[in-house]
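With the first letter of the sequence shown counted as 1, position 294 gets the number 293 in numbering that gives the first Met the number 0; the numbers rise by one all the way through. Okay, so here's the structure we're looking at.
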Amino acid sequence: MIQSDSIQYSGMSAQLKEHRETEKEETYWIDNAFGGMPTYQLGAKYPYDILTPIHKIFRLIPHPAFLLFLYFFSFYFLMVNLKIPIELSVLGALAYGFSTYLLIIIQVGHNTKAQALGYMPLVISGMLLIFNGNYRFGFIISLLSMALNIRANHYQMTYYMLLLILVFILIELFYLIYRQEKIKLFLKKSMLFSIAGFLALGLNATSLLATSEYSKFSTRGQSEISVTPSGEKIEVSSGLDYEYITQFSSGIFETLNIIIPRIKGGATYEEIGSDSNLYSYLLDRGASKSQADGFVKNVPTYWGEQPILEAPPYIGISIVFFAILSLFLKFNRFKLWLVIGCIFSIMLSWGKNFDFLTSLFIDFFPLYNKFRAVSSIQIILELCIPILAIFGVKEFFYDNIISKQKSIVKTLIITLSIFAIVYLNQFSSNFIGPNDTYFTEVFGSDIMKQIELTRIEILNFDILRGVIISLVCFIILYLSQKKIIKYNISLSLIFIVVLFDLIGISNRYIDRDLFRNKLSFSKPFVKTQADNMILNDTTKYRVYEPSIGLNGARTSYFHNSIGGYHGAKPRRFEELYNEFLRKEDKSIIDMLNVKYLLYRDNDNKVDVMENKEAMGNAWFVKNLKYYKNIDSLFNNITKTDFKNTAITSSKKASYLPIEFKVDDSSVIELISYKPNYLKYNYKSNYDSFIVFSEMYYPHGWIAKINGEIVDHYNVNYVLRGLYLSKGQYNIEFIFDPYVVKLGGYVQIFTIFILITLSIFSFYSKKIFK
Numbered sequence: 000m001i002q003s004d005s006i007q008y009s010g011m012s013a014q015l016k017e018h019r020e021t022e023k024e025e026t027y028w029i030d031n032a033f034g035g036m037p038t039y040q041l042g043a044k045y046p047y048d049i050l051t052p053i054h055k056i057f058r059l060i061p062h063p064a065f066l067l068f069l070y071f072f073s074f075y076f077l078m079v080n081l082k083i084p085i086e087l088s089v090l091g092a093l094a095y096g097f098s099t100y101l102l103i104i105i106q107v108g109h110n111t112k113a114q115a116l117g118y119m120p121l122v123i124s125g126m127l128l129i130f131n132g133n134y135r136f137g138f139i140i141s142l143l144s145m146a147l148n149i150r151a152n153h154y155q156m157t158y159y160m161l162l163l164i165l166v167f168i169l170i171e172l173f174y175l176i177y178r179q180e181k182i183k184l185f186l187k188k189s190m191l192f193s194i195a196g197f198l199a200l201g202l203n204a205t206s207l208l209a210t211s212e213y214s215k216f217s218t219r220g221q222s223e224i225s226v227t228p229s230g231e232k233i234e235v236s237s238g239l240d241y242e243y244i245t246q247f248s249s250g251i252f253e254t255l256n257i258i259i260p261r262i263k264g265g266a267t268y269e270e271i272g273s274d275s276n277l278y279s280y281l282l283d284r285g286a287s288k289s290q291a292d293g294f295v296k297n298v299p300t301y302w303g304e305q306p307i308l309e310a311p312p313y314i315g316i317s318i319v320f321f322a323i324l325s326l327f328l329k330f331n332r333f334k335l336w337l338v339i340g341c342i343f344s345i346m347l348s349w350g351k352n353f354d355f356l357t358s359l360f361i362d363f364f365p366l367y368n369k370f371r372a373v374s375s376i377q378i379i380l381e382l383c384i385p386i387l388a389i390f391g392v393k394e395f396f397y398d399n400i401i402s403k404q405k406s407i408v409k410t411l412i413i414t415l416s417i418f419a420i421v422y423l424n425q426f427s428s429n430f431i432g433p434n435d436t437y438f439t440e441v442f443g444s445d446i447m448k449q450i451e452l453t454r455i456e457i458l459n460f461d462i463l464r465g466v467i468i469s470l471v472c473f474i475i476l477y478l479s480q481k482k483i484i485k486y487n488i489s490l491s492l493i494f495i496v497v498l499f500d501l502i503g504i505s506n507r508y509i510d511r512d513l514f515r516n517k518l519s520f521s522k523p524f525v526k527t528q529a530d531n532m533i534l535n536d537t538t539k540y541r542v543y544e545p546s547i548g549l550n551g552a553r554t555s556y557f558h559n560s561i562g563g564y565h566g567a568k569p570r571r572f573e574e575l576y577n578e579f580l581r582k583e584d585k586s587i588i589d590m591l592n593v594k595y596l597l598y599r600d601n602d603n604k605v606d607v608m609e610n611k612e613a614m615g616n617a618w619f620v621k622n623l624k625y626y627k628n629i630d631s632l633f634n635n636i637t638k639t640d641f642k643n644t645a646i647t648s649s650k651k652a653s654y655l656p657i658e659f660k661v662d663d664s665s666v667i668e669l670i671s672y673k674p675n676y677l678k679y680n681y682k683s684n685y686d687s688f689i690v691f692s693e694m695y696y697p698h699g700w701i702a703k704i705n706g707e708i709v710d711h712y713n714v715n716y717v718l719r720g721l722y723l724s725k726g727q728y729n730i731e732f733i734f735d736p737y738v739v740k741l742g743g744y745v746q747i748f749t750i751f752i753l754i755t756l757s758i759f760s761f762y763s764k765k766i767f768k
């Protein structure tokens, strides 16, 4: 399967993989994206990693099928540990794994998110095992699953999972307090689970420490500028800004897309088929069959509030039906936890549509402001609702409950009432989306009116579909209750209904064209003639493709680029881009040593333009100008002649001379290059200041002159600078991050603790009592 985000990742990580293969070493720095950045979020391999071999057990299944298997296995394991019969555990695994959201994230290449969600049921299993008294096994499962979940490197999903776990622990604590029971055993269980969590952190120490270090200098960290050159004030925040965090906020009514997938039109664009009224309308208006076929394949049906939606997070009306049923059959504090988790997840997914709660979490809840796309917290629903559903089916068929018939009637009334409300609501809705003004300009008002009618048409289709599935579920349970059909037949019918329900909706959004042969995977980007021309130049330079900007890694796949694709870009570089490079400021392009620019003509052919004024890998400047704060420096960038002047706000650079002599005999040239190692030859008759067109990063980079470590400085907002006395030297820049060594020490210590615990556990069973 061709996954869009995986393709972009291939571009970003191309230099890392090439260096790994050719140099037989790991580099923690690359130059092919954003001018240069650490590889901590690009698949870096760290020493003393014992988790990857464990994860590779699942990877014995081809990618990305192993992710689907991981969904199934983890949820099945959870069900079995909750004492659910095997056949119903299988049903639960299918319900979890075939939910639309979990399948679509695989399709678009959100592999780290899929891995985190795959390990999530195992983490919950380990926690429940511990709190149910199975300490030894629960500790092992908790440790391994949490370690693998963290290793997946999607901390947002891990964070949401921890919020759900926190709700569980608080409910358990309040229950004990309410019952006036001793909490000593509860504290011991919580401590054992916490120890497993801390050891899991220890096994991921290098990745976590490196990510923490980099995040402060990425777009997830606090900006240092408070005002733009145009005078616009920037709100200083320790994380992402409110608008960016809540950009993907689910509408309040839109939440019902877990049972009515197209309540707001489904995906941004949907294929509605040749049996639609819109298709007939196009033919009646003179469109050819091929034109009509092409148009109905991508109709802008979505009229919700989110900028883009690949697919609705459909959980299944059949699954929700059984989940509601479980609340009527039995209710206990375990189900209370799941229900609170669902409510909590829904309200936070509303984002800016429920500003009070969202602002409360952004302002006061640790780390919440580091994550965007708040609607993705609905992954808690993806876990909790199938658990409730399987309990509902299990209790209906296996438990002796008097009110079964009344329960299924109440469940049917609730589900049909929801569908009735949604149906009646359409008569007071206008079905106009936030982007319809644009679509009207493109398609015309007449076609746009037909698209609005199409939105009503597909909504009513999904309402009718949901009503039918609800009635079928009711009839199966009713006939089983009356002993008209046997358990095996009832269960078989439930399997058929659930699979029809989930796979039927997921198939709407699975793009079969993405399934390609292996050759497609090995060549994610097509090399153009322009790329070949550039690659004939063997010097070190950068390439910029303005049409892609910072939203694609195609250029990074072939060249050292100032573009790229990443969720946590280097913050200063993005600020430079947003303010200057987006406008193709020539002085910035020259300073960054952009020697080639790629442009696309009307036929989408890529043409290359050589920039002969690119300043090269390093150059002498005549002036060093010091600014007392970063705002002053940033606001004077375009007023600076970078060929002759370097600007800095580094305090340690404030003691340096501000004027330098440069003559024709002065030499600075790059003589050796790897992403993590650069060597220059320097010669000058005067004390000099050199600017290097390399990205400045305050951690890991070491500057040496003839083998002696010296200070280097942040200049021109994003670059490196070096003060040198007259003479002839070899200059080296070496990237040797201490954070990787520190993380390695922590991981060794954690492994030592685990070996010690294993020995004690083997010789003394009392350790877990």
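Ideal Cβ positions, reconstructed from N, Cα and C, are used throughout, including at glycine.
Candidates the options: closest to residue i by CA position
i, options, result
"E612", "I389, Y213 and K642", "K642"
"I474", "V408, M532 and A529", "V408"
"I244", "Y159, I318, I271 and G350", "G350"
"E231", "A32, V497 and D630", "D630"
"A32", "I457, Q14, T21 and H18", "Q14"
"F327", "Y367, C383 and S406", "S406"
"T647", "G720, Y672, D606 and L498", "G720"
"L312", "P299, S275, K296 and I345", "A small fix is needed here, since residue 312 is Pro in this sequence, not Leu. Of the listed residues, the one whose Cα sits closest to P312 is I345."
"S275", "Y39, N256, V298 and F430", "V298"
Residue i to residue j span [Cα, whole Å]
i, j, result
"L518", "Y280", "A caution first: L518 carries a pLDDT of 48, below 50, which makes its placement in the model unreliable, though a value can still be read off. C-alpha separation (whole angstroms): 41 Å."
"Y696", "M36", "8 Å"
"F355", "L347", "10 Å"
"I495", "G91", "13 Å"
"I733", "Y27", "11 Å"
"F170", "C472", "It should be pointed out that residue 170 corresponds to Ile in this sequence rather than to Phe. Cα to Cα, the separation comes out at about 32 Å."
"G250", "Q7", "29 Å"
"L476", "F320", "11 Å"
"S12", "F97", "30 Å"
"I176", "L380", "28 Å"
"Y716", "I103", "40 Å"
"R261", "G432", "13 Å"
"L773", "S469", "Residue 773 lies beyond the range of the chain shown here (0 to 768); nothing can be said about it."
"L753", "A310", "43 Å"
"L534", "S9", "19 Å"
"M614", "K539", "11 Å"
"R19", "Y676", "14 Å"
"L743", "T205", "First, the amino acid is wrong: residue 743 is Gly here, not Leu. Going by the C-alpha atoms only, they are around 6 Å apart."
"L591", "Q377", "42 Å"
"F192", "L101", "27 Å"
"F252", "G548", "35 Å"
"I457", "I386", "30 Å"
"I361", "G566", "19 Å"
"S505", "T99", "5 Å"
"D735", "F330", "57 Å"
"L423", "S374", "26 Å"
Opening and closing residue of the alpha helix (DSSP H) in which residue i lies
i, result
"M371", "Correcting the residue identity first, residue 371 is Arg in this sequence and not Met. Where R371 is concerned, there is no enclosing alpha helix (DSSP H), given that its DSSP letter is neither H nor E."
"V738", "Y737 to Y762"
"W336", "R332 to S348"
"I262", "From DSSP, I262 is part of no alpha helix (DSSP H); its letter is neither H nor E."
"E86", "I85 to G96"
"S810", "In the structure displayed, the chain extends from 0 to 768; residue 810 sits before or after that span and is not available."
Inter-residue CB distance, residue i and residue j (contact presumed, cutoff 8 Å)
i, j, result
"I775", "L202", "This structure cannot settle anything about residue 775, because the visible part of the chain is limited to 0 through 768."
"L66", "I105", "5 Å"
"L324", "G391", "4 Å"
"L769", "Y158", "Shown here, the chain extends from 0 to 768; a query on residue 769 therefore has no answer."
Beta-bridge pairing of residue i - partner residues as DSSP gives them
i, result
"D630", "The partner list for D630 (beta bridge, DSSP) is empty, contrary to what the question assumes."
"S769", "The first residue shown for the chain is 0 and the last is 768, placing residue 769 beyond what the model contains."
"M36", "I29"
Neighbour flag for residue i against chain D, beta carbons, 7 Å
i, result
"Y595", "In the structure shown, chain D cannot be found, because there is only a single protein chain."
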